[in-house]
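To convert a position in the sequence shown, counted from 1, into our numbering, add 1332. Ideal placement from N, C-alpha and C gives every residue a C-beta, glycine not left out. To start, the structure itself, in structure tokens.
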Amino acid sequence: MDFWKKMRNFAPKLTMKRYALFFDIDGTLVSFKTHEIPASTIFALTQAKANGHKVFIATGRPPLIITNLGAIEHLIDGYVTINGALCFVGDEVVRCKNIPHDAARLVVDDAQQKDYGVIVVGEKDVAVLDPHGEVDRVFRQEIAVENLDQAKPIEDVMQQRILQLTPFFSADYERELMARIPSCTSGRWHPAFTDVTTKGADKGEGMLTMAAHFGLDPQYTMAFGDGGNDASMIRTAGIGVAMGNALDSLKKEADYTTTSVDDDGVLNALRHYNLV
């Protein structure tokens, strides 16, 4: 039976408290298998909004490549993007934290010298260095990211404030390089790459920034994620929810582990906490 037909008689619940709900995109809202938002998740967020809760995105993606939320775009109250480096509501920038220029330059120069891929996210534009096609393989073919064809020349983007670097290298080399840029932090959510931002720019801080902007009590925040870059908000939220497909390390940080993104995970968690 069609999911929406099964749910047509489902009545909104009244809850005592209104929550601010923060959702990672890839592997949380959007399936890695179908590259779409499951119908149960669309239904869950629709009901959550009807019950008075707020819905926020908390993603490592820069705005340029947030192209897969059309089905729920009208429900979103605000965005924590670039792992917390850029937070905005409509056209209003709530927070923008950049990587120190010398640290960004070091990573870009290192990528060019050692011949590995890196995505450079500037305040306005994105650049891609992809000497072996790995960035294209992972982002376009595996994760179904769009709009990277709009990337600008790397030296043009380096003239802007750099908000994030996404280098494609091993976890072992990540530890070595991060020791050379102590002003930065790293959040790995894929075996092939990590996201590097300035210290203090992570999803947990972004969530708190957004809650403060709306005058919301952090105690009544709920965060959903599946990857390493979600750990800060899972720890910081009033309730941290790990998806069933999440890393084991994230499940250990979470207050609750739901089912996978492809098995009604968001809906099941919101029902568990009586928010829908």
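Mind checking which residues open and close the beta strand (DSSP E) that includes residue i?
{"i": "Glu1424", "result": "1424-1428"}
{"i": "Leu1418", "result": "1418-1421"}
{"i": "Ala1390", "result": "1386-1390"}
{"i": "Met1554", "result": "1553-1557"}
{"i": "Ala1352", "result": "1352-1355"}
Looking at residue j and residue i, is the spacing between their C-beta atoms short of 8 Å?
{"i": "Val1489", "j": "Gly1449", "result": "no"}
{"i": "Ser1314", "j": "Asp1594", "result": "Here the chain covers residues 1333 to 1608 and nothing more, so residue 1314 does not appear."}
{"i": "Pro1394", "j": "Gln1496", "result": "yes"}
{"i": "Val1440", "j": "Val1452", "result": "yes"}
{"i": "Met1539", "j": "Ala1578", "result": "no"}
{"i": "Ala1563", "j": "Leu1582", "result": "yes"}
{"i": "Asp1558", "j": "Thr1360", "result": "yes"}
{"i": "Tyr1351", "j": "Thr1553", "result": "yes"}
Starting from the Cα of residue i, find the closest Cα among the options and give me that residue.
{"i": "Val1470", "options": "Ala1586, Asp1358, Glu1424", "result": "Asp1358"}
{"i": "His1545", "options": "Asp1356, Asp1462, Glu1424, Phe1355", "result": "Glu1424"}
{"i": "Ser1542", "options": "Lys1386, Arg1472, Ser1363", "result": "As written in the sequence, residue 1542 is Met, which differs from the Ser given in the question. It is Lys1386 whose Cα lies nearest to the Cα of Met1542."}
{"i": "Asn1561", "options": "Val1528, Leu1548, Thr1591, Gly1570", "result": "Val1528"}
{"i": "Ile1475", "options": "Asn1383, Leu1353, Ser1581, Gly1392", "result": "Gly1392"}
{"i": "Pro1514", "options": "Glu1537, Lys1456, Ile1486, Thr1530", "result": "Thr1530"}
{"i": "Ala1555", "options": "Val1573, Cys1428, Phe1420", "result": "Val1573"}
{"i": "Val1477", "options": "Ala1435, Asp1468, Ile1571", "result": "Asp1468"}
{"i": "Gly1576", "options": "Tyr1588, Asp1587, Ser1592, Leu1582", "result": "Ser1592"}
{"i": "Asp1462", "options": "Leu1607, Ile1404, Ala1524, Ser1564", "result": "Ala1524"}
{"i": "Arg1603", "options": "Thr1366, Asn1383, Asp1356, Ile1494", "result": "Asn1383"}
{"i": "Phe1354", "options": "Gly1416, Gly1402, His1367, Ile1397", "result": "Gly1416"}
{"i": "Ala1403", "options": "Ile1397, Thr1378, Phe1420", "result": "Thr1378"}
{"i": "Ala1483", "options": "Thr1360, Ile1397, Ala1376, Gly1465", "result": "Ile1397"}
{"i": "Asp1434", "options": "Thr1366, Arg1512, Ile1414, Glu1585", "result": "Arg1512"}
{"i": "Phe1388", "options": "Met1565, Arg1520, Ala1443, Gly1465", "result": "Met1565"}
{"i": "Ala1533", "options": "Ile1414, Gln1492, Glu1466, Leu1438", "result": "Ile1414"}
{"i": "Lys1365", "options": "Asn1430, Tyr1605, Gln1473", "result": "Gln1473"}
{"i": "Leu1509", "options": "Glu1368, Arg1350, Leu1438", "result": "Leu1438"}
{"i": "Gly1536", "options": "Gln1491, Arg1567, Ser1518", "result": "Arg1567"}
For residue i, name the three-state secondary structure that DSSP assigns.
{"i": "Thr1591", "result": "coil"}
{"i": "Phe1342", "result": "Legend: pLDDT at Phe1342 = 46, less than 50; position of this residue unreliable, value from coordinates given subsequently. It is coil, neither helix nor strand."}
{"i": "Val1608", "result": "coil"}
{"i": "Leu1548", "result": "coil"}
{"i": "Lys1484", "result": "coil"}
{"i": "Lys1337", "result": "The pLDDT assigned to Lys1337 is 43, lower than 50, so where the model puts this residue is not dependable, and the model offers no usable value."}
{"i": "His1406", "result": "helix"}
{"i": "Gln1496", "result": "strand"}
{"i": "Thr1347", "result": "Because the pLDDT at Thr1347 is just 44, under 50, the model does not fix this residue reliably, and the value given afterwards should be weighed accordingly. Coil."}
{"i": "Ala1578", "result": "coil"}
{"i": "Ile1475", "result": "coil"}
{"i": "Arg1603", "result": "helix"}
{"i": "Arg1393", "result": "coil"}
{"i": "Gly1597", "result": "helix"}
{"i": "Asp1468", "result": "helix"}
{"i": "Leu1540", "result": "helix"}
{"i": "Gly1519", "result": "strand"}
Residue i lies in the alpha helix (DSSP H); which residues open and close that run?
{"i": "Val1439", "result": "1433-1446"}
{"i": "Phe1375", "result": "1371-1382"}
{"i": "Met1565", "result": "1563-1568"}
{"i": "Ala1503", "result": "1503-1510"}
At a cut-off of 7 Å, would you count residue i as near the ligand ADP, judging by its Cβ distance to the nearest heavy atom?
{"i": "Ile1494", "result": "This structure simply doesn't include the ligand ADP, nor any ligand for that matter."}
Should the region 1371-1379 be called in touch with the region 1591-1603, which here means at least 3 C-beta pairs below 8 Å? yes
Would you be able to state if there are at least three C-beta pairs under 8 Å between the region 1404-1411 and the region 1500-1514? no
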